[in-house]
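Take the sequence shown: its position 73, counting from 1, is numbered 397 in the working numbering, and each next residue is one higher.
Below is one structure; the comments refer to it alone.
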Amino acid sequence: MPHSWGYRARTRHLFAKDFRRHGLPSISKYLVNYKLGDYVDIKADGAVHKGMPHKYYHGKTGVVWNVTKRAIGVEINKRVRTRILRKRIHVRVEHLKISKCCEDHKRRVQENDKKRREAKAKGIRLPPGSLKRLPAQPRPGKIVKKGKRPIETVFPLKYELVI
């Protein structure tokens, strides 16, 4: 039999729903407000066939550029050989969710603004680089107490061939 190259070829597990999560999406999925410039994650819902994106876009993050009655226009970068093309696709809301990719950045910006305001109120200058992120630092050292039992050194047993 010839090989199939259809639009949904090889998506048996990709578009499958999780265990005990089958059926149509809840009403809250339709009540989300999408605004221009929002970051959204594309995750195709296998229960809704209309407005489903191509399997390539499943799991990709894009920016909202258009909002219509039932669908959202999403702009995504797609690598085609040596180029990165900016693709604009329309996807129904069942296949989208608001991305959390910027939450850490927004939280850090708020914390840095708070530190700047506190420093300004106290009249001190922040040291350079104090608002930047640091990599995970080594944990502080500690002393392990011996206790009442003596220290016992453990050695491996000598290998003996048993037949």
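Every residue, glycine too, gets a C-beta built ideally from N, C-alpha and C.
Measuring from the CB of H346, is there a heavy atom of the ligand COA at a distance below 8 angstroms? Among the ligands in the structure shown, none appear at all, so the ligand COA cannot be discussed.
Considering just the uninterrupted stretch of the alpha helix (DSSP H) at H429, what are its terminal residues? 427-446
Where DSSP assigns a beta bridge to A333, which residues make up the other side? In the DSSP output, where bridge partners are listed per residue, A333 has none listed.
From what residue to what residue does the beta strand (DSSP E) around L409 run? 407-416
DSSP-derived helix/strand/coil call for I366: strand
Return yes when the Cβ of R407 is within less than 9 angstroms of the Cβ of V290, no when it is not. Since the first residue of the chain shown is 325 and the last is 487, residue 290 is not available in this structure.
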